[in-house]
Amino acid sequence: MRIVVAMSGGVDSSVAAALLTEQGHEVVGLSMQLYDQRGPEAFGSCCSLDDLYDARRVASTLGFPHYIVNFERQFRETVIANFVSEYASGRTPLPCAHCNSDLKFSTLLERAHGLGAAHVATGHYARVERDEDGRWQLQRSADRAKDQSYFLFSLTQDQLAHAVFPVGALTKPEVRDQARRLALNVADKPDSQEICFVPDHDYASFVAKHEPAVTHAGAIVDESGQQLASHGGIHRFTVGQRKGLGVSAAAPLYVLKIDAASREVTVGPRSSLERERLTASHVNWIAVDAPAGWLSVSAQIRHRHLAAPGRVRALEHGRAEFEFDTPQPAVTPGQAVVFYDEDIVVGGGWID
Amino acid sequence: MQRIYFDHNATTPVAPEVADRMAAALREEFGNPSSVHHFGQRAKAAIDEARSAVGALIGAEASEIVFTSGGTESDNFAIRGVAEALEPTGRRHLVTTAIEHEAVLNTFKALARRGWSTTLVKVDQTGIVSPDAVTEAIGEQTALVTVMHANNEIGTIQPLAEIARLAKARGAVVHTDAVQSVGKIPVNVKTLGVDLLSLSAHKIYGPKGVGALWIRRGLRLNPLLTGGKHERSRRAGTENVAGIIGMGVAAQLAATKMAADASRLALLRDGLENGILAAVSGTAVNGTRTPRVANTTNISFDRVEAESLLIALDLEGIAVSTGSACSSGTLEPSHVLKAMGFSPHRAQNSIRFSLGAASTEADVARVIAVLPGIVEKLRSLTRTPVRA
Numbered sequence: 005m006r007i008v009v010a011m012s013g014g015v016d017s018s019v020a021a022a023l024l025t026e027q028g029h030e031v032v033g034l035s036m037q038l039y040d041q042r043g044p045e046a047f048g049s050c051c052s053l054d055d056l057y058d059a060r061r062v063a064s065t066l067g068f069p070h071y072i073v074n075f076e077r078q079f080r081e082t083v084i085a086n087f088v089s090e091y092a093s094g095r096t097p098l099p100c101a102h103c104n105s106d107l108k109f110s111t112l113l114e115r116a117h118g119l120g121a122a123h124v125a126t127g128h129y130a131r132v133e134r135d136e137d138g139r140w141q142l143q144r145s146a147d148r149a150k151d152q153s154y155f156l157f158s159l160t161q162d163q164l165a166h167a168v169f170p171v172g173a174l175t176k177p178e179v180r181d182q183a184r185r186l187a188l189n190v191a192d193k194p195d196s197q198e199i200c201f202v203p204d205h206d207y208a209s210f211v212a213k214h215e216p217a218v219t220h221a222g223a224i225v226d227e228s229g230q231q232l233a234s235h236g237g238i239h240r241f242t243v244g245q246r247k248g249l250g251v252s253a254a255a256p257l258y259v260l261k262i263d264a265a266s267r268e269v270t271v272g273p274r275s276s277l278e279r280e281r282l283t284a285s286h287v288n289w290i291a292v293d294a295p296a297g298w299l300s301v302s303a304q305i306r307h308r309h310l311a312a313p314g315r316v317r318a319l320e321h322g323r324a325e326f327e328f329d330t331p332q333p334a335v336t337p338g339q340a341v342v343f344y345d346e347d348i349v350v351g352g353g354w355i356d
Numbered sequence: 528m529q530r531i532y533f534d535h536n537a538t539t540p541v542a543p544e545v546a547d548r549m550a551a552a553l554r555e556e557f558g559n560p561s562s563v564h565h566f567g568q569r570a571k572a573a574i575d576e577a578r579s580a581v582g583a584l585i586g587a588e589a590s591e592i593v594f595t596s597g598g599t600e601s602d603n604f605a606i607r608g609v610a611e612a613l614e615p616t617g618r619r620h621l622v623t624t625a626i627e628h629e630a631v632l633n634t635f636k637a638l639a640r641r642g643w644s645t646t647l648v649k650v651d652q653t654g655i656v657s658p659d660a661v662t663e664a665i666g667e668q669t670a671l672v673t674v675m676h677a678n679n680e681i682g683t684i685q686p687l688a689e690i691a692r693l694a695k696a697r698g699a700v701v702h703t704d705a706v707q708s709v710g711k712i713p714v715n716v717k718t719l720g721v722d723l724l725s726l727s728a729h730k731i732y733g734p735k736g737v738g739a740l741w742i743r744r745g746l747r748l749n750p751l752l753t754g755g756k757h758e759r760s761r762r763a764g765t766e767n768v769a770g771i772i773g774m775g776v777a778a779q780l781a782a783t784k785m786a787a788d789a790s791r792l793a794l795l796r797d798g799l800e801n802g803i804l805a806a807v808s809g810t811a812v813n814g815t816r817t818p819r820v821a822n823t824t825n826i827s828f829d830r831v832e833a834e835s836l837l838i839a840l841d842l843e844g845i846a847v848s849t850g851s852a853c854s855s856g857t858l859e860p861s862h863v864l865k866a867m868g869f870s871p872h873r874a875q876n877s878i879r880f881s882l883g884a885a886s887t888e889a890d891v892a893r894v895i896a897v898l899p900g901i902v903e904k905l906r907s908l909t910r911t912p913v914r915a
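Sequence order for the protein chains is U and X. So the first sequence is numbered by our numbering: it starts at 5 and just counts up by one. So the second sequence is numbered by our numbering: it starts at 528 and just counts up by one.
Here you go:
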């Protein structure tokens, strides 16, 4: 079977390609160019020229063709546009999830179809399986510490049907062992950590460059509305943030709320950060049809969050509400909430 | 997989005669051509022989040929060399066309940043440069006019002799990048009436990394590289002996085979072109079909991204190209097609097929057979994936 592997030049997608090759598939490696590689300041951590070189080396070692596809326009129109507008709206975006559903398993999958490949494989740490009813299930990775199912919650049944995650059943150390066994040049390459298209992790400058209006000053206020300080733009804040507020207080203060209209950033003590419930929009139900009644699940509200138990039910217009058994700090608008039943992704949406 | 190579304008396979001679040269002519002793003399003699062969191919004296690292260096040497040599005279204006190779365009940009004024002459959808338009661009300050002989992407042949005549009448030095015409059509520096001519070995079944600049006797230009007195003090650095010998053999082969190859390739190319136009709807040839080098056709495929088409064809074993590759290897819309006034869409949906010595009727038939299915598949795709 011809299968397209999205190759970032990292160890995970490289081993994914290697495993598929060993299984006898005809692998075609595609690396996505997502932003201008030539600008002096344009080098992020992923998909740089060095990464493209690494991907090419792996393809040549394993003996399959490798191409670079230019998705700069699509990336700009989907992922970057959303990233900037979310910050400008006082929300904290999650570009990797958009990249997965709006680019890798959309534009890239379409390209794969054009090349006679029904599936796109990636190096994600997640598993996809078809249950007895024919429904595609998304599950956490065998390596819980590396699990990336949180970033894949917005894949539809159609997209999951065409997604392959060859390293989802492995742990990271096992993936590196495989890479060393195959003598891949990326075996000991460090994991990428940052948002790939933001140089030097300086997302505030990136947002300001794309949307200069965000730099309008505003007030930092306490819960009673008393102004404590001023700030240089709401894009510099995220709900739950403690550092860099420019306010001194006896007890640590956290960002509680960002109001894009008034440009007010409300801060308060950690106790005020906790929430008992949340609502989410554009909810994608995977394991079940949208549940009219309450369903017991756990909710993960950011990448490194330990899913907290509670109950969820669907609302109208593709929304959902979730109630935590125990209140959780830093429910951040713009991040994803993903509902789990043990390892199974029940569904997920964007926190309001 | 039986592979078909239709990308000879990118590079050509090294001819067996060239490879054999170069392998011998690497072993036997290892001497430094600047050395006084036997070994140096032997290498020097081999280079002189190559210089004569390259000169003969373009109707030039051997002594007027300077070997370089390739077409890009030759273009840089010609443009920068003349610009700098004439700088003290106050002539700081340079003229070229919008459809040149990047070796010329980016050299112009670099000189523009250093204070030279530059003019890019526009070209219409025929892909033929108008001699009048070039003439209009030339002023009293114009030091150099450079116009390519044949275009690398669409193959059109420029009215170079007329352009050279008009430009020289206005006192400008005339250079041509003939990388894509040498070996494909007769090139004679005297008939063309130019002052400088760039050529490259690997486009004529020679090795990569070697080229030449023909410099009309008596023309002054500054060297790019400073160092020893190699190449009559015009190009410092120990010569790429084996490469130069290979280029010499390639030039000899081109001189003897060119006419027969060209008429054969024209038939094949026309068969391919007409076959594609007939078999695939929404196709059109970019640029005029004549005058054009015999091996090249550039065809646009409506509603198909050339990037996908190129990859799909490669997976079928058919090598073609499109636009120019950027640093990462991805494709950008062709600057040539954009400069000719085609929409960005069309510039991004065009494929170049460039045939060569080993191309056969069977190759052409296979491409015509495979293309319609691939194009139909790419056109049928929507943004919503089909469930397996």
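For every residue, glycine included, the Cβ atom is placed at its ideal position computed from N, Cα and C.
CB of X/ILE626 within 8 Å of CB of X/MET867, strictly: One-based indexing of the second sequence puts residue 626 of chain X at position 99. One-based indexing of the second sequence puts residue 867 of chain X at position 340. Against a cut-off of 8 Å, the Cβ pair of X/MET867 and X/ILE626 comes out as a contact.
- prompt: Can you round the beta-carbon distance between U/VAL8 and U/ALA121 to whole angstroms, since I take them to be within the 8 Å contact cut?
  reply: Taking the first residue of the first sequence as 1, we reach residue 8 of chain U at position 4. Taking the first residue of the first sequence as 1, we reach residue 121 of chain U at position 117. About 4 Å separates the two Cβ atoms, so the contact holds.
message: I'd like to know whether the C-beta atoms of X/ALA552 and X/VAL737 end up nearer to each other than 8 Å.
response: By 1-based counting over the second sequence, the position of residue 552 of chain X is 25. By 1-based counting over the second sequence, the position of residue 737 of chain X is 210. Note that the C-beta distance between X/ALA552 and X/VAL737 is not below 8 Å.
message: For a quick check, are the C-beta atoms of U/ALA116 and U/LEU156 less than 8 Å apart?
response: Locating residue 116 of chain U in the first sequence gives position 112, where the first residue counts as 1. Locating residue 156 of chain U in the first sequence gives position 152, where the first residue counts as 1. Taking 8 Å as the Cβ cut-off, U/ALA116 and U/LEU156 do not qualify as a contacting pair.
- request: Thinking U/PRO331 and U/GLU278 are a contact (beta carbons under 8 Å), I'd like their distance in whole angstroms, please.
  value: Against the first sequence, residue 331 of chain U aligns to sequence position 327. Against the first sequence, residue 278 of chain U aligns to sequence position 274. With a Cβ gap of about 4 Å, U/PRO331 and U/GLU278 count as contacting.
query: Going by Cα to Cα distance, which pick from X/ARG762, X/LEU804, X/PHE869, X/GLU832 is closest to X/ASN603?
result: Stepping through the second sequence from its first residue, residue 603 of chain X is reached at position 76. Looking at X/ARG762, X/LEU804, X/PHE869, X/GLU832, the one whose alpha-carbon comes closest to that of X/ASN603 is X/ARG762.
- prompt: Using a Cβ-Cβ distance under 8 Å, would X/GLU834 count as near chain U?
  reply: Residue 834 of chain X sits at position 307 when you count from the first residue of the second sequence. Chain U contact via Cβ: present.
- request: Output yes or no for whether 8 Å exceeds the beta carbon distance between U/THR126 and U/VAL243.
  value: What you label residue 126 of chain U is simply residue 122 of the first sequence in a count that begins at 1. What you label residue 243 of chain U is simply residue 239 of the first sequence in a count that begins at 1. Taking 8 Å as the Cβ cut-off, U/THR126 and U/VAL243 do not qualify as a contacting pair.
C-beta neighbour in chain U for X/LYS636, strict 8 Å: Counted from its first residue, the second sequence places residue 636 of chain X at position 109. No, no contact with chain U.
- prompt: Any Cβ of chain X within less than 8 Å of the Cβ of U/LYS131?
  reply: Along the first sequence, one-based indexing puts residue 131 of chain U at 127. At residue 131 of chain U the sequence reads Arg, which differs from the Lys that was named. Not flagged as an interface residue toward chain X: U/ARG131, since no C-beta distance is shorter than 8 Å.
query: Anyone know if the C-beta pair for X/GLY745 and X/VAL891 falls short of 8 Å?
result: For the purposes of this step, residue 745 of chain X is identified with residue 218 of the second sequence, where counting begins at 1. For the purposes of this step, residue 891 of chain X is identified with residue 364 of the second sequence, where counting begins at 1. Result no, Cβ atoms of X/GLY745 and X/VAL891 do not sit closer than 8 Å.
Member of U/TYR57, U/LEU56, U/THR65 whose CA lies at the smallest distance from the CA of U/GLU26: One-based indexing of the first sequence puts residue 26 of chain U at position 22. For U/GLU26, the nearest C-alpha among the options comes from U/THR65.
field: Which of helix, strand or coil DSSP assigns to X/ASN813
entry: Taking the second sequence and counting its residues from 1, one reaches residue 813 of chain X at position 286. It is coil, neither helix nor strand.
message: Rounded to whole angstroms, what is the Cα-Cα separation between U/SER300 and U/TYR344?
response: Taking the first residue of the first sequence as 1, we reach residue 300 of chain U at position 296. Taking the first residue of the first sequence as 1, we reach residue 344 of chain U at position 340. Between U/SER300 and U/TYR344, the C-alpha separation is close to 9 Å.
- prompt: At a CB-CB cut-off below 7 Å, which residues of chain U make contact with X/ILE838?
  reply: As a first step, residue 838 of chain X must be located in the second sequence, where it is residue number 311. Under the 7 Å cutoff, chain U gives TYR71, LEU119.
message: Relative to the C-alpha of U/ASN104, which candidate in U/PHE79, U/GLY94, U/ALA296 has its C-alpha closest?
response: On the first sequence, position 100 is the one that residue 104 of chain U refers to. Ranking U/PHE79, U/GLY94, U/ALA296 by Cα distance to U/ASN104 puts U/PHE79 first.
Spatial distance of X/GLN695 from X/ASP547 (CA atoms): The residue you call residue 695 of chain X lines up with position 168 of the second sequence. The residue you call residue 547 of chain X lines up with position 20 of the second sequence. The sequence given here places Lys at residue 695 of chain X; Gln does not occur at that position. Using only the alpha carbons, I get a separation of about 42 Å.
query: If you compare alpha carbons, which of U/ALA10, U/TYR57, U/ASP347 is closest to U/HIS123?
result: By one-based count along the first sequence, residue 123 of chain U stands at place 119. The candidate whose alpha carbon is nearest that of U/HIS123 is U/ALA10.
message: Quick check: what's the CA-CA separation for X/GLY567 versus X/TYR532?
response: Residue numbering aside, residue 567 of chain X sits at position 40 when the second sequence is read from its first letter. Residue numbering aside, residue 532 of chain X sits at position 5 when the second sequence is read from its first letter. A direct Cα-to-Cα measurement between X/GLY567 and X/TYR532 gives close to 39 Å.
field: For X/MET549, three-class secondary structure by DSSP
entry: Counted from its first residue, the second sequence places residue 549 of chain X at position 22. Collapsing the DSSP output to three states places X/MET549 in a helix.
field: Residues that U/VAL32 contacts on chain X, provided the C-beta gap is smaller than 7 Å
entry: Sequence index remark: in the first sequence, residue 32 of chain U carries index 28 (1-based). Contact annotation for U/VAL32 against chain X: LEU842 [CB-CB distance below 7 Å, chain order].
query: Across which residues does DSSP place U/MET357 in a beta bridge pair?
result: Given that chain U is displayed from residue 5 to residue 356, the structure contains no residue 357 of chain U and the question cannot be resolved.
message: With H, G and I counted as helix, E and B as strand and the rest as coil, what does DSSP make of X/VAL913?
response: Along the second sequence, one-based indexing puts residue 913 of chain X at 386. Because X/VAL913 carries a pLDDT of 35, less than 50, the predicted location of this residue cannot be relied on, and the following value inherits that uncertainty. Shown here, X/VAL913 sits in coil according to DSSP, grouped into three states, outside any helix or strand.
message: So within the segment 270-343 of chain U, which uninterrupted beta strand (DSSP E) runs reach at least 3 residues, ignoring any that extend past its ends?
response: Counting only runs of 3 or more, we get 278-289, 299-304, 312-318, 324-333.
- prompt: X/HIS535: which of X/ARG879, X/VAL897, X/VAL894, X/LYS904 sits nearest, CA to CA?
  reply: On the second sequence, position 8 is the one that residue 535 of chain X refers to. Ranking the options by Cα distance to X/HIS535, first place goes to X/ARG879.
Cβ pair U/PHE109, U/LEU53 closer than 8 Å: Translated into the one-based positions of the first sequence, residue 109 of chain U becomes position 105. Translated into the one-based positions of the first sequence, residue 53 of chain U becomes position 49. For U/PHE109 and U/LEU53, no; Cβs fall outside 8 Å.
message: Residues of chain X with CB closer than 7 Å to the CB of U/ARG115, please, in chain order.
response: Within the first sequence, numbered from 1, the residue matching residue 115 of chain U stands at position 111. Simply SER835.
- prompt: Quick one, which of X/LEU748, X/ARG796, X/GLY764 has its alpha-carbon nearest X/GLY755's?
  reply: Position 228 of the second sequence, counted from the first residue, corresponds to residue 755 of chain X. Among X/LEU748, X/ARG796, X/GLY764, the Cα nearest to that of X/GLY755 belongs to X/GLY764.
task: Evaluate X/GLN652 with the Cβ neighbour count: other Cβ atoms within 10 Å of its Cβ, from every protein chain shown; 16 or more gives buried, anything less gives exposed.
output: Along the second sequence, one-based indexing puts residue 652 of chain X at 125. By the 16-neighbour rule on beta-carbons within 10 angstroms, X/GLN652 is exposed.
Test item: CB-CB of U/LEU249 and U/LEU260 under 8 Å: Walking along the first sequence from the start, residue 249 of chain U turns up at place 245. Walking along the first sequence from the start, residue 260 of chain U turns up at place 256. Not in contact: U/LEU249 and U/LEU260 (Cβ atoms no closer than 8 Å).
- prompt: Taking the beta strand (DSSP E) that U/LYS1 falls in, what are its first and last residues?
  reply: Since the first residue shown for chain U is 5 and the last is 356, residue 1 of chain U is missing from the structure and cannot be characterised.
query: Taking Cβ positions, are X/THR595 and X/LEU740 nearer each other than 8 Å?
result: For this step, residue 595 of chain X is matched to residue 68 along the second sequence. For this step, residue 740 of chain X is matched to residue 213 along the second sequence. Between X/THR595 and X/LEU740, the CB-CB gap stays under 8 Å.
- prompt: Taking three-plus beta-carbon pairs below 8 Å as touching, is the segment 186-206 of chain U in contact with the segment 134-148 of chain U?
  reply: Counting C-beta pairs with one atom in each stretch, the segment 186-206 of chain U and the segment 134-148 of chain U have fewer than three that are closer than 8 Å, which means they do not touch.
- prompt: Anyone know if the C-beta pair for X/GLY710 and X/VAL541 falls short of 8 Å?
  reply: Here residue 710 of chain X refers to the residue found at position 183 of the second sequence. Here residue 541 of chain X refers to the residue found at position 14 of the second sequence. Contact flag unset, no.
- prompt: If you draw a straight line from the alpha carbon of X/PRO818 to that of U/LEU164, how long is it in whole angstroms?
  reply: For this step, residue 818 of chain X is matched to residue 291 along the second sequence. For this step, residue 164 of chain U is matched to residue 160 along the first sequence. Answer to the nearest angstrom: the Cα atoms are 53 Å apart.
query: Where do the N-terminal and C-terminal ends of the alpha helix (DSSP H) with X/HIS564 fall, by residue?
result: Mapped onto the second sequence, residue 564 of chain X falls at position 37. Note, X/HIS564: premise wrong, no alpha helix (DSSP H); not H, not E.
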